[in-house]
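Those sequence lines, one after another, are chains A and B. Per the working numbering, residue 25 is the first one in the first sequence, and the count goes up by one each step. Per the working numbering, residue 67 is the first one in the second sequence, and the count goes up by one each step. Positions of the beta carbon are idealized from the N, C-alpha and C atoms, including for glycine.
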Amino acid sequence: MTPEQQSGSMASAFFALLRRDLLLAFRRRTEMLFPIVFLLVVVSLFPLGIGPSPALLARIAPGVIWIAALLATVISLDGLFRSDFEDGTLEQFVLSGHPLTLISLAKILAHWLVAGLPLVLMSPLLAVWMNLPIESLGVMVLTLALGTPILSLIGSIGVGLTISLKRGGQLLSLLVFPLYVPILIIATAAVMAASDGLPYTAFLGLLVAGLITSVTLAPFAAAAALKISLS
Amino acid sequence: MNTNATTMNKDKPRKNWLVMFIHKMGSPPWFYGFSGKLIPWLWAIFAALTIWGLYLGLVKAPADYQQGESFRIMYLHVPSAWMSMLIYTSMAIMGFIALVWRIRIMEILAMSSAPVGAAFTIIALASGSLWGRPTWGTYWVWDARLTSELVLLFLYLGVIGLYNAIDEPRKAARAACLLALVGAVNLPIIHYSVKWWNTLHQGSSISVTGGSNIDPSMLWPLLIMAFAVKFYYGANLLTRARVKLLEQDKRKGWVKKIIKERES
Chain A
25 MTPEQQSGSM ASAFFALLRR DLLLAFRRRT EMLFPIVFLL VVVSLFPLGI
75 GPSPALLARI APGVIWIAAL LATVISLDGL FRSDFEDGTL EQFVLSGHPL
125 TLISLAKILA HWLVAGLPLV LMSPLLAVWM NLPIESLGVM VLTLALGTPI
175 LSLIGSIGVG LTISLKRGGQ LLSLLVFPLY VPILIIATAA VMAASDGLPY
225 TAFLGLLVAG LITSVTLAPF AAAAALKISL S
Chain B
67 MNTNATTMNK DKPRKNWLVM FIHKMGSPPW FYGFSGKLIP WLWAIFAALT
117 IWGLYLGLVK APADYQQGES FRIMYLHVPS AWMSMLIYTS MAIMGFIALV
167 WRIRIMEILA MSSAPVGAAF TIIALASGSL WGRPTWGTYW VWDARLTSEL
217 VLLFLYLGVI GLYNAIDEPR KAARAACLLA LVGAVNLPII HYSVKWWNTL
267 HQGSSISVTG GSNIDPSMLW PLLIMAFAVK FYYGANLLTR ARVKLLEQDK
317 RKGWVKKIIK ERES
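What follows is the structure, encoded as structure tokens:
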């Protein structure tokens with residue numbers, strides 16, 4: 025096979041897998057709603073627990089929304105490779121000869137489109153609930169748009185490592201939350217800076233850097249993790 | 067050049083002594099024997115250095131003019147904090163070697179490092195918060211270095227948790243080694259956190275390039291202690307690794323031979 029044909033077949037494998045995963049997700053629409061509903065419920069608990077003071081809510085809004093997004097992502101992560109692992113499809117992917125890195129990347133992208141993007145689209149509503157200043161609403165959405173793909177990418181490594189365990193979910197949160205810390209810090213710092221009228225582009229730049237780094241490195245690590253789990 | 071020479075002169079099988087040593091260390095019986103001879107020395111050096119360092123630090127060194135006696139916690143806190151990061155680095159490097167060259171001894175060594183590193187992290191956090199009470203007036207502040215040390219502890223716990231969750235020891239070690247490598251990406255953030263967010267925590271008092279802001283009578287015990295804990299790590303690591311190795315190889319010939327020799 026010539027290199028051109030190989031790359032062509034790799035691209036087609038990538039998009040075929042992406043389409044398949046999206047199709048599977050759309051066949052079970054209710055399950056797609058779980059992360060969104062989870063996000064709404066978690067965020068709504070904070071005013072109930074802390075009190076409805078608008079000033080206080082506005083202060084903690086970036087952190088609350090981001091932590092809720094982290095939790096929602098981790099909850100949805102378990103589905104990333106689980107069904108393919110259990111019915112043996114993942115082994116077939118490995119045997120297909122296509123690089124597992126590419127397969128992981130397609131599955132991560134599908135996961136973000138199904139579980140991450142809705143969180144981004146939902147965030148303006150949450151920002152209004154939490155009384156976030158309207159000027160920083162755009163920055164909030166932007167940090168989530170840049171940050172949630174990083175969450176899916178880093179999370180995929182944890183999923184790959186815990187997939188062979190019966191109850192990997194609880195361990196998964198222990199594995200990935202420490203890795204999420206820098207993103208949480210940078211993203212909330214950006215929103216808080218925007219709320220205070222300070223420059224925030226440096227933080228967004230760091231998020232972009234994190235996104236580029238994790239897109240280039242995380243799929244390799246996820247593929248290596250899957251190979252260990254399948255061995 | 068050395069490796070070239072060895073591959074070209076096939077009639078001369080003698081290799082570089084370091085390469086030979088590394089090859090020998092890969093063999094479980096040889097590693098077991100060698101580490102058995104090394105461990106008592108490591109413990110002895112650790113004990114001697116610790117007694118010396120603690121004597122200088124707790125008895126000889128003068129009390130700090132600002133912090134009083136409480137600064138002496140530093141002799142436990144600073145070496146532990148350094149070790150917590152050093153052990154993570156060494157675990158990640160050993161994990162990398164284990165994953166790339168599939169050396170079982172390295173898997174065992176990397177996984178034996180994790181509990182030692184976690185213990186040092188807990189000591190650093192606990193001693194730091196005990197020191198913080200008289201100095202800052204609070205046990206805990208969410209300052210950058212404290213927070214990153216806490217994150218480091220979580221990273222250690224993740225590695226230990228993953229290793230213990232998977233039943234098959236080699237698969238568990240490989241998975242946890244990969245996690246350690248991924249977590250090592252976090253280490254630079256921990257290290258440079260002082261520069262990133264400079265809040266309540268004191269800046270570093272010791273620098274390699276410039277002069278230190280600390281009096282020699284206070285500095286020497288610290289350096290001795292920092293040196294001593296490295297021998298503790300070596301001794302503890304090898305002891306743990308030997309036990310793990312025996313456990314994994316309990317059905318193998320060389321372990322049975324050792325048991326027979328002990329019994330007779």
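Asked: Counting only beta-carbon atoms, is B/H267 nearer than 8 Å to chain A?; Found: Low confidence applies to B/H267: its pLDDT is 40, below 50, so where it sits in the model is not reliable enough to give any reading.
Asked: How many angstroms separate the CA atom of B/N264 from the CA atom of B/W107?; Found: Residue confidence is low: B/N264 scores 47 on pLDDT, short of 50, so the model does not pin down where it sits. Its coordinate-derived value is still stated next. Between B/N264 and B/W107, the C-alpha separation is close to 41 Å.
Asked: What are the start and end residues of the alpha helix (DSSP H) that includes B/K323?; Found: G319 to E329
Asked: If distances are taken between C-alpha atoms only, which option among A/I181, A/T212 and A/P157 comes closest to A/A92?; Found: A/T212
Asked: Going by other Cβ atoms of all chains shown within 10 Å of its Cβ, with 16 needed for buried, is B/F87 buried or exposed?; Found: exposed
Asked: Along chain B, in chain order, which residues have C-beta atoms closer than 8 Å to that of A/I252?; Found: K237, R240, A241 and L244
Asked: Would you say B/L228 reaches chain E, if we count a Cβ-Cβ gap shorter than 8 Å as a contact?; Found: Absent here is chain E; the protein component of the structure consists of chains A and B.
Asked: Considering only DSSP beta bridges, list what B/D130 is partnered with.; Found: B/G134
Asked: Out of A/K131, A/P202, A/S255 and A/P78, which one is the CA nearest neighbour of A/L42?; Found: A/K131
Asked: Would you kindly report the start and end of the unbroken alpha helix (DSSP H) that includes A/S68?; Found: R53 to I74
Asked: Are there 16 or more other CB atoms within 10 angstroms of the CB of A/L145, so buried, or fewer, so exposed?; Found: exposed
Asked: If you draw a straight line from the C-alpha of B/F112 to the C-alpha of B/A294, how long is it?; Found: 5 Å
Asked: Here's a check: name, in chain order, each residue in its chain whose Cβ is nearer than 7 Å to the Cβ of A/S253, leaving out the five neighbours to either side.; Found: G184, L185, I187 and S188
Asked: According to the Cβ coordinates, are B/A190 and B/S146 closer than 8 Å?; Found: yes
Asked: Within this structure, are the beta carbons of A/L199 and B/G224 separated by less than 8 Å?; Found: yes
Asked: Please list the terminal residues of the continuous alpha helix (DSSP H) segment that includes B/L108.; Found: P94 to L120
Asked: So with CB distances below 7 Å, who are the chain A contacts of B/I189?; Found: Under the 7 Å cutoff, chain A gives no residues; its nearest Cβ is about 19 Å from B/I189.
Asked: Just how far apart, CA to CA, sit A/L81 and A/V67?; Found: 11 Å
Asked: Classify B/E215 as buried or exposed, calling it buried when 16 or more other Cβ atoms lie within 10 Å of its own Cβ.; Found: buried
Asked: Taking all protein chains shown into account, decide if B/S273 is buried (16 or more other Cβ within 10 angstroms of its Cβ) or exposed.; Found: At B/S273, the pLDDT of 48 sits below 50, so the modelled position is not reliable; the number obtained from the coordinates is stated separately. Label assigned to B/S273: exposed.
Asked: Judging by CA-CA distance, which residue of A/A233, A/P78 and A/V165 is the nearest neighbour of A/W153?; Found: A/P78
Asked: Among B/A158, B/M140 and B/K322, whose alpha-carbon lies nearest the alpha-carbon of B/L289?; Found: B/M140
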